[in-house]
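Okay, so here's the structure we're looking at.
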Amino acid sequence: MKHLIKLVVITVICLSQWSCNNDDDTTSTPSETNSALVGEWLRSDNLINPNIEYKITLLDTDGNGIITDLQITDQGTISSANQITWYVSDNMLHMTLNDDTEMTSTVQFIDNEKIILANISDHYFIKQ
19 MKHLIKLVVI TVICLSQWSC NNDDDTTSTP SETNSALVGE WLRSDNLINP
69 NIEYKITLLD TDGNGIITDL QITDQGTISS ANQITWYVSD NMLHMTLNDD
119 TEMTSTVQFI DNEKIILANI SDHYFIKQ
């Protein structure tokens, strides 16, 4: 009987150790998220109105980027470009414009080609 109890305890300990596997961790590391975000992201309202083009371009994982805004009206074309620095922390995208304005938003990947930046826009962004 003593041996049976020891065997049961050892079995429970072994099973609990094997069930705690690093493969169960599905959270992205900051560097994985940064790499996935690098690229040009077009706000999806451009699909509805091609005269509006708002892009966030995250140039590299070192935190360099540009936000461009283009609007074509009857009076002409209005455009702007702002350099940004950016980083991701705790699934939050932090961007600082060249005039020190800060923008922060959660990052939600719809798939590899679409993201939602809920605090920045009601529209999703499409990777170009």
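According to the numbering used here, the residues represented by the sequence shown are 19 to 146, in order. Every residue gets a Cβ at the ideal spot worked out from N, C-alpha and C, and that includes glycine.
Put simply, the backbone Cα of Y105 is about 20 Å away from that of I128.
Assigned with DSSP and collapsed to three states, L65 falls in helix.
Measuring C-alpha to C-alpha distances from Q89 to each of D63, S107, S123 and K132 identifies D63 as the nearest. Taking every protein chain shown into account, the CB of L55 has 16 or more other CB atoms within 10 angstroms, so this residue is buried. When only Cα atoms are considered, R61 and S107 end up about 22 Å apart. According to the DSSP assignment, E120 belongs to the beta strand (DSSP E) that extends over E120 to T124.
Here Y72 really is in contact with D87; their C-beta atoms are around 5 Å apart, less than 8 Å.
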